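Notes follow the structure.
Residue numbers (the numbering used here): 189 to 521.
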């Protein structure tokens, strides 16, 4: 039973250089991706815990790190594998969240949808129905580099009332912030009114982990080009009768060899559509539109896997169109 040293070095916009090292029992580096007792194998696309405290491994969603730190709450949210670096001017709506939960400090993505609201995944702020206090949530906005993000504190956290962690149902939340001023590098993204069609090209965005074999993350914002799949086929590989397939969008990685991976939970899945650009009243074609929120993933056999971009791996995203009424009830139009 050998032991491996795992060290994580990351630049982060609030805490600077963070080094997380630990002794990992190799027997625990398995593909079982549980997040807690009595839960199914969900590959939540979490970020690393920024705390350096180390604990004995149990299970989690990334076999290299998350399995190891699960007992301490160190969850790894999915991040971009493959992908290309992008400019702030293109993705000025992308947010980075720092969430303090218990002894853990987590990182997630989000999307600015107005001057007062950021949309993210419920599991980022309320992983076990225990919502983080707003004072424990910091939002970074306005730059494609982690260390240059402007920080603001959350005022209120709005989690979907039917959020069910055990089956990853209604994985959506809104973070209310003080009003921000828009600029060339900071602007909201319009929400989709319809689900993307099958085989549509979409893009997942995040400061993601850049390799399935290395732990290092990217300090620059990246995008992965993905292809939407048949949701009925996707859910047949990750079945749950209590989960509405129409509430999800899936992407199947067997064409682009890209994927979200450790660190991208809560971040945007976007695509070009006919929509009204925020700040205008004129709909137009090919407007970058928010289709989904990065939620969880599987490998080709319907179980969590550390090989984010392996053939047949499936990414699941909360469907914005399905949840438009709830979003409007909190954030307005």
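We put the beta carbon where it would ideally sit given N, CA and C, even for glycine. Note that the structure is a prediction, hence the values are computed from the model and not measured.
If you ignore the 5 residues before and after residue 481, its C-beta comes within less than 8 angstroms of the C-beta of 299, 307, 308, 309, 359, 360, 454, 455, 456, 457, 505, 506 and 508, all in its own chain and listed in chain order. Residue environment for residue 429: exposed (fewer than 16 other C-beta atoms within 10 angstroms of its C-beta). For residue 507, the uninterrupted beta strand (DSSP E) segment begins and ends at 501 to 507. Pairwise C-beta distances place the segment 377 to 391 out of contact with the segment 315 to 328, as fewer than three of them are shorter than 8 angstroms.
Here DSSP, grouped into helix, strand and coil, assigns residue 368 to coil.
Here residue 301 carries a coil assignment [DSSP, helix/strand/coil].
Here residue 517 is exposed, its C-beta having fewer than 16 other C-beta atoms within 10 Å. The alpha-carbon of residue 394 is positioned some 27 angstroms away from that of residue 427.
Spanning the alpha carbons of residue 332 and residue 347 requires a straight line of approximately 27 angstroms. In the structure shown, residue 361 adopts extended strand secondary structure according to DSSP, grouped into three states.
Shown here, residue 435 sits in a helix according to DSSP, grouped into three states. The C-beta separation of residue 329 from residue 368 comes to about 7 angstroms, placing the pair in contact by the 8 angstroms criterion. Out of 280, 434, 322 and 302, the CA that lies nearest to the CA of residue 385 is found in 434.
Of 461, 343, 305 and 431, the smallest CA-CA separation from residue 353 is found for 431. Annotation for residue 338: the continuous beta strand (DSSP E) segment containing it runs 338 to 347. Judged by DSSP in its simplified three-state form, residue 289 adopts strand. Annotated three-state conformation of residue 316 is coil, per DSSP. Rounded to the nearest whole angstrom, the CA to CA distance from residue 510 to residue 327 is 25 angstroms.
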